[in-house]
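Let me begin by presenting the structure, written as structure tokens, before commenting on it.
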Amino acid sequence: SGTYYIDNAATSRGPTLLASQTLFGNGRDSVLVLSNNDSWIKIEQSNVQIKDLKINVADANMPVGIYAGVSASATPPENISFENIFFNSGLTRILLGNCSGIMVNNCTFDNTGYCVLQLAGTISNNVLVTNCYATNIKNDFVEANCTGLDVGFTAASGQTTYSLTVNDSGNS
């Protein structure tokens, strides 16, 4: 529990989680504040978990959050999970690049710009978004701007399952 500030000046654009690491808290009492523009939590290796946290931003107009597979790494990360995270305010989001095996489960997005955003020109495979809640979202809950994306959605109540497959290679 407690409040922790992530400042890009001290961490070179935010911390990078390494292979098989877990960043976890004790629920909404564990608050990470992304305090400067470009204060991202980066995931560039496989088997990473982020769970049981609240993520806030210091300035509601900052484009910050968590990103996975956005750098030009030789091997795209896989098996990444985001569980029980409360995103509050600003443009905070999960930004996906070249990666696979992504699970976003039991997350809440409140008053954010985007929720799960797939970066244009990259490929994210096997993305599963389940039991997530979005309120007061300014843009899109899930946005896919990509060459290929496979996404599964399950409604929060578990009553309805939606499946979306996008393959936009420039040809209809």
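For the sequence shown, my numbering begins at 21 and goes up steadily by one.
Ideal Cβ positions, reconstructed from N, Cα and C, are used throughout, including at glycine.
All of these numbers come straight from a predicted model, not from anything done at the bench.
### Query
Closest to F44 by CA distance: which of G22, E64 and S59 is it?
Here residue 44 refers to the residue found at position 24 of the sequence shown. Answer by Cα proximity: G22.
### First through last residue of the beta strand (DSSP E) which encompasses I100
The residue labelled residue 100 in the question sits at position 80 within the sequence shown. E98 to N108 is the extent of the beta strand (DSSP E) around I100.
### Query
Since R48 sits in a beta bridge, which residues does DSSP pair it with?
As a first step, residue 48 is located in the sequence shown; it is residue number 28 there, counting from the start. Partner(s): none; R48 has no beta bridge.
### Query
Would the beta-carbon of L139 fall within 8 Å of that of N99?
In the sequence shown, residue 139 corresponds to position 119, counting from 1. In the sequence shown, residue 99 corresponds to position 79, counting from 1. Their beta carbons are not under 8 Å apart, which means L139 does not touch N99 by this criterion.
#### Entry: 6 Å CB neighbourhood of N118 in its chain, flanking five on each side removed
Position 98 of the sequence shown, counted from the start, is the residue given in the question as residue 118. So the qualifying residues of the chain are G89, P96, T142 and I143.
### Task
Within 10 angstroms of the Cβ of L38, are there 16 or more other Cβ atoms? Answer buried if so, exposed if not.
As a working mapping, residue 38 is identified with position 18 in the sequence shown. By the Cβ-count criterion, L38 is exposed, with fewer than 16 other Cβ atoms from all chains shown falling within 10 Å of its own Cβ.
### Neighbourhood of S40 by C-beta, 6 Å cutoff - its chain only, sequence neighbours within 5 removed
For the purposes of this step, residue 40 is taken as the residue at position 20 of the sequence shown. Within the same chain, N67 come within 6 Å of S40 by CB-CB distance, once the 5 residues on both sides are set aside.
### Query
With distances taken between CB atoms, is the gap from I75 to S55 smaller than 8 Å?
What you label residue 75 is simply residue 55 of the sequence shown in a count that begins at 1. What you label residue 55 is simply residue 35 of the sequence shown in a count that begins at 1. Not a contact, by the Cβ cut-off of 8 Å.
### Message
Based on DSSP bridge pairs, tell me the residues matched to Q41.
### Response
Looking up residue 41 in the sequence shown gives position 21. The partner list for Q41 (beta bridge, DSSP) is empty, contrary to what the question assumes.
### Query
Taking the alpha-carbon positions, what's the V77 to N159 distance?
Locating residue 77 in the sequence shown gives position 57, counting from the first residue. Locating residue 159 in the sequence shown gives position 139, counting from the first residue. In a straight line, the C-alpha of V77 is about 17 Å away from that of N159.
### Message
By the DSSP assignment, the beta strand (DSSP E) with D160 in it spans what residues?
### Response
The residue given as residue 160 occupies position 140 in the sequence shown. Premise fails: D160 is in no beta strand (DSSP E) and is neither H nor E.
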